[in-house]
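Everything on this sheet refers to the single structure shown next.
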Amino acid sequence: MRNFLKRLLVFLIIVAGLQLIVGHKVPSEIRRLDKALSGKIDILFLCDSTNFAYSLQDTDKRSGSQMLQSVIPERQILTLDHGAFNMDIYLAFCRYIGRSRNKPDTIIIPINMHSFSPGWDQRPNWQFEQERFLLDYPLLRSFFKPLAVFKAVSTNEISPDRYNRTKVYCDDEPVGTVQEFDFQSTDPNSVTDEQIRKKCILQYMYPLRPDHRKLRSMLEIVATLNSVGVKPLFYIVPLDMETGEKHLPGRFCRRVRTNVELVKTLLRNHNVEPLDLSQSIAAAHFSWTIYPNEHLDQYGRSFVANCLAKALRDSDGLSRPE
Amino acid sequence: MLFNSWQFVVFFPVVVCLYFSLPHRFRWALLLGASYFFYMCWKPAYLVLILISTLVDYCSALAMAKTSSQLKRKGYLMLSLCANLGLLFSFKYFNFFNESLRQLMQHFPISYDVPRLNVLLPVGISFYTFQTLSYTIEVYRGRQKPERHFGIFALYVSYFPQLVAGPIERPGTLLPQLRHEHHFEYGRVTEGLRLIIWGLFKKVVIADRLALVVDNVYSQPDRFTGAALTTATVFFAFQVYCDFSGYSDIAIGAAKVMGHRLMRNFDRPYFATSIADFWRRWHISLSSWFRDYLYIPLGGSHVRVRRFCLNVIAVFIISGLWHGANWTFIVWGLLHGLYYLIGRATRNLRGTLAGRLGLSGYPRFHRLIKVTITFLLVCFAWILFRANSLSDALMIVSRLGTGWTELWNPSGLGALLTSFGVPEKEFWQGVLLIGVLAFVERLHGPKQVTELLTRLNRPLRWLVYILLVLMILNLGVAKRIPFIYFQF
Numbered sequence: 004m005r006n007f008l009k010r011l012l013v014f015l016i017i018v019a020g021l022q023l024i025v026g027h028k029v030p031s032e033i034r035r036l037d038k039a040l041s042g043k044i045d046i047l048f049l050c051d052s053t054n055f056a057y058s059l060q061d062t063d064k065r066s067g068s069q070m071l072q073s074v075i076p077e078r079q080i081l082t083l084d085h086g087a088f089n090m091d092i093y094l095a096f097c098r099y100i101g102r103s104r105n106k107p108d109t110i111i112i113p114i115n116m117h118s119f120s121p122g123w124d125q126r127p128n129w130q131f132e133q134e135r136f137l138l139d140y141p142l143l144r145s146f147f148k149p150l151a152v153f154k155a156v157s158t159n160e161i162s163p164d165r166y167n168r169t170k171v172y173c174d175d176e177p178v179g180t181v182q183e184f185d186f187q188s189t190d191p192n193s194v195t196d197e198q199i200r201k202k203c204i205l206q207y208m209y210p211l212r213p214d215h216r217k218l219r220s221m222l223e224i225v226a227t228l229n230s231v232g233v234k235p236l237f238y239i240v241p242l243d244m245e246t247g248e249k250h251l252p253g254r255f256c257r258r259v260r261t262n263v264e265l266v267k268t269l270l271r272n273h274n275v276e277p278l279d280l281s282q283s284i285a286a287a288h289f290s291w292t293i294y295p296n297e298h299l300d301q302y303g304r305s306f307v308a309n310c311l312a313k314a315l316r317d318s319d320g321l322s323r324p325e
Numbered sequence: 007m008l009f010n011s012w013q014f015v016v017f018f019p020v021v022v023c024l025y026f027s028l029p030h031r032f033r034w035a036l037l038l039g040a041s042y043f044f045y046m047c048w049k050p051a052y053l054v055l056i057l058i059s060t061l062v063d064y065c066s067a068l069a070m071a072k073t074s075s076q077l078k079r080k081g082y083l084m085l086s087l088c089a090n091l092g093l094l095f096s097f098k099y100f101n102f103f104n105e106s107l108r109q110l111m112q113h114f115p116i117s118y119d120v121p122r123l124n125v126l127l128p129v130g131i132s133f134y135t136f137q138t139l140s141y142t143i144e145v146y147r148g149r150q151k152p153e154r155h156f157g158i159f160a161l162y163v164s165y166f167p168q169l170v171a172g173p174i175e176r177p178g179t180l181l182p183q184l185r186h187e188h189h190f191e192y193g194r195v196t197e198g199l200r201l202i203i204w205g206l207f208k209k210v211v212i213a214d215r216l217a218l219v220v221d222n223v224y225s226q227p228d229r230f231t232g233a234a235l236t237t238a239t240v241f242f243a244f245q246v247y248c249d250f251s252g253y254s255d256i257a258i259g260a261a262k263v264m265g266h267r268l269m270r271n272f273d274r275p276y277f278a279t280s281i282a283d284f285w286r287r288w289h290i291s292l293s294s295w296f297r298d299y300l301y302i303p304l305g306g307s308h309v310r311v312r313r314f315c316l317n318v319i320a321v322f323i324i325s326g327l328w329h330g331a332n333w334t335f336i337v338w339g340l341l342h343g344l345y346y347l348i349g350r351a352t353r354n355l356r357g358t359l360a361g362r363l364g365l366s367g368y369p370r371f372h373r374l375i376k377v378t379i380t381f382l383l384v385c386f387a388w389i390l391f392r393a394n395s396l397s398d399a400l401m402i403v404s405r406l407g408t409g410w411t412e413l414w415n416p417s418g419l420g421a422l423l424t425s426f427g428v429p430e431k432e433f434w435q436g437v438l439l440i441g442v443l444a445f446v447e448r449l450h451g452p453k454q455v456t457e458l459l460t461r462l463n464r465p466l467r468w469l470v471y472i473l474l475v476l477m478i479l480n481l482g483v484a485k486r487i488p489f490i491y492f493q494f
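Quick note, the sequences are listed as chains L and W, same order.
If you're matching positions, the first sequence starts at 4 in the numbering used here and goes up one per residue.
If you're matching positions, the second sequence starts at 7 in the numbering used here and goes up one per residue.
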């Protein structure tokens with residue numbers, strides 16, 4: 004038996020050693036963050052697709068963070084953006100930064116009101132389980148896949164079935180399930196007004212509650228960054244209020260404003276004043292072609308970048324170099 | 007507790023270490039406790055069902071042994087059959103028959119409103135029910151002495167490696183092994199571990215990968231062409247094989263580590279040359295159960311032709327029903343019964359035809375043709391097994407001929423692969439793994455795959471172990487895909 008145990012131990016050591024090598028695959032965002040944190044960065048810009056999406060008519064296709072960098076060239080900005088990033092993954096990034104030796108002075112975090120909707124919050128592929136695990140347990144990075152294969156970590160916290168059965172609300176009224184609202188089309192000409200109305204309901208008309216898990220993540224971000232001396236700069240991303248109001252007259256703006264107010268109140272209770280850009284951009288500067296979303300054209304991205312630059316200058320007394 | 011879960015990765019070594027550390031007289035208690043714990047990880051309340059089966063069969067067998075009256079013996083056997091099959095019927099089949107009856111009554115002016123039973127199917131109920139039934143039947147037939155040690159008998163009913171998905175063991179082989187003292191033997195333990203690794207590889211790397219395509223296609227079959235449905239069905243043939251034989255390998259391997267030899271459950275079924283041959287190689291423990299306790303008592307082949315045909319059809323339909331309470335399984339069983347009868351009726355004719363075509367001079371080629379035809383017939387039947395309903399199955403069959411011509415243009419294949427809803431890489435990995443499996447099975451022949459490994463020299467053997475484990479860890483599918491046969 005002793006002989007067996009010795010050989011088993013050798014076998015396990017070899018497998019673990021090889022696993023350390025073959026299993027070490029880290030998403031590019033985390034690799035870039037690791038590299039940046041080994042030096043000095045001033046500002047970390049976390050963002051979803053609203054940072055890099057552009058209009059086909061744009062002559063300037065730079066992302067919002069690149070525009071911001073050009074407005075404040077003296078500050079070094081690291082951007083970590085990815086489609087569907089949200090408060091949960093931002094929290095994992097902030098915790099990770101909190102544990103690292105080098106930290107940025109400021110972290111810019113967008114609050115996308117769409118991200119609290121069931122169509123985003125509950126979407127199975129937008130949970131970033133792997134990224135959150137790799138950030139929360141950096142020492143186990145090589146072992147994520149084995150742990151997932153043996154169900155020690157979940158890679159599908161929300162099943163497609165649960166997602167499809169999630170209730171959709173319009174204000175406080177349940178109007179169906181996600182399955183009935185989450186349709187896709189690739190042809191802008193085939194989209195009807197009713198479909199756009201349904202998309203607006205799914206994405207923005209939910210009644211936001213203070214106990215929403217993404218709001219809890221947001222407040223945890225505040226606490227985490229406060230505890231390590233990093234300034235958070237939250238901004239509420241611009242929404243296409245005109246389109247929403249056109250399809251849900253008298254209701255859309257009221258609902259969105261109520262939800263935005265809740266977010267602002269919660270942050271103010273923690274001494275954080277968010278930058279509210281939710282109603283700052285006209286419909287013409289959104290770049291969506293099929294269903295409404297928060298993607299901006301070059302004017303919109305530039306506007307956001309300038310607003311952020313101003314907020315950064317205001318917060319730390321930076322003067323804009325002429 | 008799934009075999010491919012971290013809980014089992016912790017549970018099994020702990021049980022094995024305790025097993026070899028304890029004196030022999032306490033081992034049954036350890037294994038019984040571990041088996042009950044293993045089962046209770048799903049739904050603790052359902053342990054009561056196992057305890058009822060255990061108690062009824064233990065007492066029935068002892069009572070049978072005490073009396074010489076054949077009538078009383080038969081009475082005790084009936085008690086055991088009624089209790090076990092009654093539980094199985096209530097939990098597995100009641101709602102199915104109730105619903106079928108309700109639909110039937112809609113055609114008549116009869117009010118029928120027997121409510122549904124709101125119960126979950128207890129995992130593995132068909133397996134342990136059949137295992138414990140084989141005990142009372144064997145005692146009734148006088149081939150098995152009743153087990154007087156309640157703990158050992160309870161362990162026979164609930165032994166954790168094969169509790170929820172077999173192999174369905176016979177009392178004559180398992181009970182003596184549970185009584186016997188097994189020492190730690192290096193060769194046996196490593197052979198058991200080899201089987202566990204191979205079983206895990208088949209389950210998490212092959213079966214679960216193929217399941218990604220199969221589940222996607224079969225969840226909405228009306229959206230797919232015949233080419234896609236055919237591909238998914240062939241994938242399912244290998245998925246269900248790797249899933250179930252993988253489970254069996256892990257079960258046999260786990261038992262072997264502790265010194266218990268379980269029966270082989272699969273013998274390269276897709277190399278079968280006829281449907282009869284397929285059933286000698288597929289789920290052997292169940293096929294032989296039906297043969298010994300249903301087919302032969304019905305008269306087997308020693309009866310008139312019409313009766314023989316009825317016997318065969320009855321056995322296959324019951325076998326189908328054993329798999330699940332759904333018309334799809336019943337028709338699947340019926341189809342296999344028809345395959346079997348037609349195969350038997352045309353045996354001579356096919357032999358003559360092969361001789362006239364000159365195939366007898368090319369035995370390998372002839373064999374290949376037979377294997378291919380058998381495989382296609384089995385795959386066709388798998389449509390019924392996998393489809394969510396009979397209407398889905400019929401719709402799939404009606405669409406099988408569509409979408410093939412599109413494959414000739416370059417974009418057609420791309421469109422087909424995209425329609426599966428998984429990355430192309432995953433699809434091709436699935437195809438490659440099927441090839442690897444077929445190659446390995448061809449290589450090891452009728453022997454166990456572990457014997458193939460023992461023929462290699464140590465460095466090469468270690469290299470294979472390491473590669474297999476690394477593939478399980480890194481190519482395994484993380485999505486939670488339960489073992490298919492757990493639902494039975």
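By construction, the Cβ of each residue, glycine as well, lies at the ideal position given by its N, Cα and C atoms.
Residue-level contact to chain L via CB, residue i, 8 angstroms cutoff
| i | result |
| --- | --- |
| K208/W | no |
| A261/W | no |
| I478/W | yes |
| S417/W | no |
| S11/W | yes |
| G482/W | yes |
| I256/W | no |
| F190/W | yes |
| Y471/W | yes |
| K485/W | yes |
| V15/W | yes |
Below-8 angstroms beta-carbon distance, residue i vs any chain W residue
| i | result |
| --- | --- |
| P149/L | yes |
| F186/L | no |
| M4/L | yes |
| I161/L | no |
| G303/L | no |
Rounded Cβ spacing between residue i and residue j (contact assumed at less than 8 angstroms)
| i | j | result |
| --- | --- | --- |
| Y224/W | A393/W | 7 angstroms |
| G67/L | R304/L | 4 angstroms |
| Q79/L | I112/L | With 8 angstroms as the limit, Q79/L and I112/L do not qualify as a contact, their Cβ atoms being about 18 angstroms apart. |
| D398/W | P227/W | 6 angstroms |
Exposure of residue i, with buried meaning 16 or more beta-carbon neighbours within 10 Å
| i | result |
| --- | --- |
| A51/W | exposed |
| L438/W | exposed |
| S86/W | buried |
| D255/W | buried |
| R5/L | exposed |
| V156/L | buried |
| A387/W | buried |
| H2/W | Coverage of chain W is limited to positions 7 through 494, which leaves residue 2/W absent and any answer about it impossible. |
Test item: CB-CB of residue i and residue j under 8 angstroms
| i | j | result |
| --- | --- | --- |
| P295/L | T261/L | no |
| I16/L | I472/W | no |
| I143/W | L93/W | no |
| I284/L | M116/L | no |
| C315/W | L347/W | yes |
| R274/W | R287/W | yes |
| A81/L | L47/L | Note that residue 81/L corresponds to Leu in the displayed sequence, not to Ala. Yes, the Cβ-Cβ distance between L81/L and L47/L is below 8 angstroms. |
heavy atom of the ligand MG below 7 angstroms from residue i C-beta
| i | result |
| --- | --- |
| L423/W | Looking at this structure, you won't find the ligand MG or any other ligand, since it has none at all. |
Do the region 225-238 of chain W and the region 276-283 of chain W make contact, defined as three or more Cβ pairs closer than 8 angstroms?
no
Would you check if there are 3 or more beta carbon pairs closer than 8 angstroms linking the region 320-330 of chain W to the region 356-375 of chain W?
no
Would you call the region 170-179 of chain L in contact with the region 205-213 of chain L, where contact means no fewer than 3 C-beta pairs closer than 8 angstroms?
yes
Would you be able to state if there are at least three C-beta pairs under 8 angstroms between the region 10-18 of chain W and the region 71-90 of chain L?
no
Does the region 252-272 of chain W come close enough to the region 199-208 of chain W to have 3 or more Cβ pairs within less than 8 angstroms?
yes
Hey, is the region 220-234 of chain L in contact with the region 90-107 of chain L, meaning 3+ C-beta pairs nearer than 8 angstroms?
yes
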